[in-house]
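*Asks:* Residue numbers (the working numbering): 3 to 388.
Positions of the beta carbon are idealized from the N, C-alpha and C atoms, including for glycine.
These numbers come from a predicted model, not from an experiment.
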């Protein structure tokens with residue numbers, strides 16, 4: 003959408019107002035808290051689905067469960083309703099979302115050698131991008147039309163004062179108010195923002211959950227410690243998960259070993275600088291390898307080991323993942339750090355706590371922990387390879 007979104011908009015006044023829009027109206031702490039009911043309901047739905055598999059004595063594909071859960075949460079928060087596999091539009095949307103990170107993580111010859119951009123036409127990359135872009139645009143346009151008509155009908159029947167509980171309706175309300183101190187809200191901007199929610203929210207959130215559960219199953223001793231701490235200290239209310247230090251330590255250690263985006267979105271140097279003897283010109287694209295930083299032996303003791311205890315206060319390392327400690331920046335840092343950290347981690351914390359507290363997990367077919375395949379997929383975001 004012409005770099006109208008927050009992730010790829012160039013730094014300047016437009017980007018600053020976009021950031022403010024996100025912080026105030028979309029993913030601020032108060033707004034995240036307002037979505038607690040949706041998170042709790044969808045976690046409960048996932049738990050019931052797992053119980054159904056157990057009652058039928060069937061093996062569970064936890065990855066499918068996690069992806070379905072995060073998709074349902076994001077759909078309800080962003081679009082106002084779920085789009086499941088039981089309807090054609092839901093299946094189509096799921097296919098588009100699965101294709102999106104693959105395309106974003108593909109090698110684009112034009113990015114490296116612009117004069118060879120014609121190769122993208124031969125290898126089918128341009129056609130693949132166009133098909134994905136048109137499919138997503140058509141879906142989001144239909145959603146906008148549907149929500150706008152629904153709001154108009156509510157207002158015509160005297161129900162215009164109802165509480166707004168999803169992001170697309172919030173944006174439509176801002177579009178109608180057209181406040182002068184906010185960038186003009188239009189359809190292309192709304193679609194760009196909603197697409198940001200899915201690219202930055204759905205994929206990365208499910209990846210963090212997937213790798214966390216994988217590491218816990220590979221390290222059953224750590225799983226047992228977490229289970230005991232959760233089962234002995236909390237109820238099902240999500241606020242209580244925030245008071246479990248070992249849960250936070252487990253999630254931090256999972257993020258350290260498996261950041262959902264090992265390379266942050268490209269940055270740009272704003273001025274000429276010299277780094278370690280190298281001259282870096284202004285406007286140079288800069289890639290930050292957060293995985294390499296988080297597994298650097300000179301910074302981390304036994305960096306390849308899953309050891310949540312390193313993040314407990316008792317260990318003397320009070321390290322946060324919100325950009326204050328540069329040895330651990332899975333979500334970036336500074337002005338271009340991820341604005342949706344609170345939203346994503348609220349989903350992950352509640353879901354992991356409920357899964358671990360309610361079920362005892364084991365590997366299928368007598369597989370041993372040391373035999374687990376920890377291979378990763380290739381792309382912008384890095385999932386566990388199936």
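Check for me: the beta strand (DSSP E) holding residue 272 runs from which residue to which?
*Replies:* The sequence position of residue 272 within the chain shown is 270, counting from 1. Here residue 272 belongs to no beta strand (DSSP E), and DSSP marks it neither H nor E.
*Asks:* Taking the alpha-carbon positions, what's the residue 384 to residue 263 distance?
*Replies:* On the chain shown, residue 384 is found 382 positions in, with the first residue counted as 1. On the chain shown, residue 263 is found 261 positions in, with the first residue counted as 1. Rounded to the nearest angstrom, the two C-alpha atoms are 6 angstroms apart.
*Asks:* Answer with yes or no whether the minimum CB distance from residue 307 to chain D is below 7 angstroms.
*Replies:* No chain D is part of this structure, which consists of one protein chain only.
*Asks:* Closer than 8 angstroms by C-beta to residue 290: which residues in its own chain qualify, once you throw out the five before and the five after it? Chain order, please.
*Replies:* Position 288 of the chain shown, counting from 1, holds the residue named residue 290. Counting only Cβ-Cβ distances below 8 angstroms, and skipping sequence neighbours, we find 265, 266, 269, 331, 334.
*Asks:* For the region 48–57 against the region 80–89, are there 3 or more C-beta pairs whose distance is under 8 angstroms?
*Replies:* No, they do not touch.
*Asks:* Counting beta carbon pairs with one atom in the region 356–364 and one in the region 218–235, are three or more of them shorter than 8 angstroms?
*Replies:* Flag = yes, the region 218–235 and the region 356–364 touch.
*Asks:* What three-state label does DSSP hand residue 33 in the structure shown?
*Replies:* Locating residue 33 in the chain shown gives position 31, counting from the first residue. Reduced to three states, the DSSP call for residue 33 is helix.
*Asks:* Are the beta-carbon atoms belonging to residue 44 and residue 66 less than 7 angstroms from one another?
*Replies:* Position 42 of the chain shown, counted from the start, is the residue given in the question as residue 44. Position 64 of the chain shown, counted from the start, is the residue given in the question as residue 66. No; because the gap between Cβ atoms is not below 7 angstroms, this pair is not in contact.
*Asks:* Using 7 angstroms as the threshold, is the C-beta distance between residue 190 and residue 16 below it?
*Replies:* In the chain shown, counting from the first residue as 1, residue 190 sits at position 188. In the chain shown, counting from the first residue as 1, residue 16 sits at position 14. Contact flag unset, no.
*Asks:* Evaluate contact between the region 304–317 and the region 334–350, counting only Cβ atoms and requiring at least three cross-stretch pairs below 8 angstroms.
*Replies:* Touching, no.
*Asks:* Please identify the residue among 388, 63, 7 whose C-alpha is closest to the C-alpha of residue 196.
*Replies:* Sequence index remark: in the chain shown, residue 196 carries index 194 (1-based). Looking at the Cα atoms, 7 is the closest of the given residues.
*Asks:* Can you give me the Cβ contacts of residue 251 inside the same chain, cut-off strictly under 6 angstroms, excluding the 5 residues immediately before and after it?
*Replies:* Indexing the chain shown from 1 puts residue 251 at position 249. 310, 313, 314, listed in sequence order.
*Asks:* Name the DSSP bridge partner or partners of residue 277?
*Replies:* What you label residue 277 is simply residue 275 of the chain shown in a count that begins at 1. 280, per the DSSP bridge assignment.
*Asks:* Output yes or no for whether 7 angstroms exceeds the beta carbon distance between residue 119 and residue 112.
*Replies:* Working through the chain shown from its first residue, we reach residue 119 at position 117. Working through the chain shown from its first residue, we reach residue 112 at position 110. For residue 119 and residue 112, yes; Cβs fall inside 7 angstroms.
*Asks:* For residue 294, count neighbouring C-beta atoms within 10 Å of its own C-beta (all shown protein chains included) and say buried if the count is 16 or more, exposed if not.
*Replies:* Within the chain shown, the letter at position 292 stands for residue 294. Counting Cβ neighbours within 10 Å, residue 294 comes out exposed, since fewer than 16 surround it.
*Asks:* Kindly list the residues whose CB is nearer than 7 angstroms to the CB of residue 20, restricted to its own chain and excluding five residues on each side of it in sequence; keep chain order.
*Replies:* In the chain shown, residue 20 corresponds to position 18, counting from 1. Contacts found: 8, 11, 185.
*Asks:* Would you call residue 143 buried or exposed, if buried means 16 or more other Cβ atoms sit within 10 Å of its Cβ?
*Replies:* As a working note, residue 143 is residue 141 in the chain shown. Exposed, because fewer than 16 other Cβ atoms sit within 10 Å of the Cβ of residue 143.
*Asks:* Beta-carbon within less than 6 angstroms of residue 274's beta-carbon, same chain only, minus the 5 sequence neighbours each way: which residues are those?
*Replies:* Walking along the chain shown from the start, residue 274 turns up at place 272. So the list reads 283, 284, once near-sequence residues are dropped.
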